[in-house]
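J.: I have a structure here, written as structure tokens, and I will follow up with some questions on it.
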Amino acid sequence: MEVKKRGGKRPGAGRPRLGITKKVSLTLTLEEWEKLEESGDKIGHWVKKKLNEEEQTVKGNSVVSSSLYQGLYMSIENFKHRTLTGSEFIKEYNELKEAISFYEKNYGVSANSLWTILREIHSPEMSDLNQEVL
């Protein structure tokens with residue numbers, strides 16, 4: 001007895017393979033779900049679009065994908081700004097310290113009187129308070 005084949009896929013029929021895929025579960029809040037529905041995309045298309053979004057930010061010769069790295073980039077820029085501001089403050093402080101030691105050595109002026117003079121120069125309203133304390 002001969003077994004007959006009962007049909008089957010013909011070559012090229014159906015959807016093309018995507019390669020290796022993984023199914024994921026996604027939990028959204030009601031607000032997030034409403035935003036997703038407003039976009040009009042299906043969930044899979046929406047996620048793929050967000051992953052492949054290529055807003056380019058050019059920084060020197062390197063290109064940064066802002067959709068994925070914008071938060072990190074901004075935090076690094078903020079850190080650089082705070083570091084530079086801090087180093088400028090330290091530089092100013094060291095220069096003032098050197099100037100005070102120079103005046104103490106060469107002119108015999110005390111550090112307290114120099115600080116009082118500096119306070120009067122930088123904030124006149126504080127000089128009245130300083131006189132009361134000293």
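Going by my numbering, the residue at position 82 of the sequence shown is 82; the numbering climbs one at a time, nothing skipped.
All C-beta atoms in this analysis are idealised placements derived from N, C-alpha and C, irrespective of residue type, glycine included.
Are the Cβ atoms of W46 and L36 separated by less than 8 Å?
T.: Yes, they are a contact pair.
J.: State the DSSP-derived secondary structure class of K97, mapped to helix, strand or coil.
T.: helix
J.: Which class does K22 belong to by DSSP, given the choice of helix, strand or coil?
T.: coil
J.: Please return the same chain residues whose Cβ sits closer than 8 Å to the Cβ of D41, not counting the five positions on each side in sequence.
T.: K49
J.: Using three-state DSSP, classify K42 as helix, strand or coil.
T.: coil
J.: By the three-class DSSP mapping on this structure, what secondary structure does L36 have?
T.: helix
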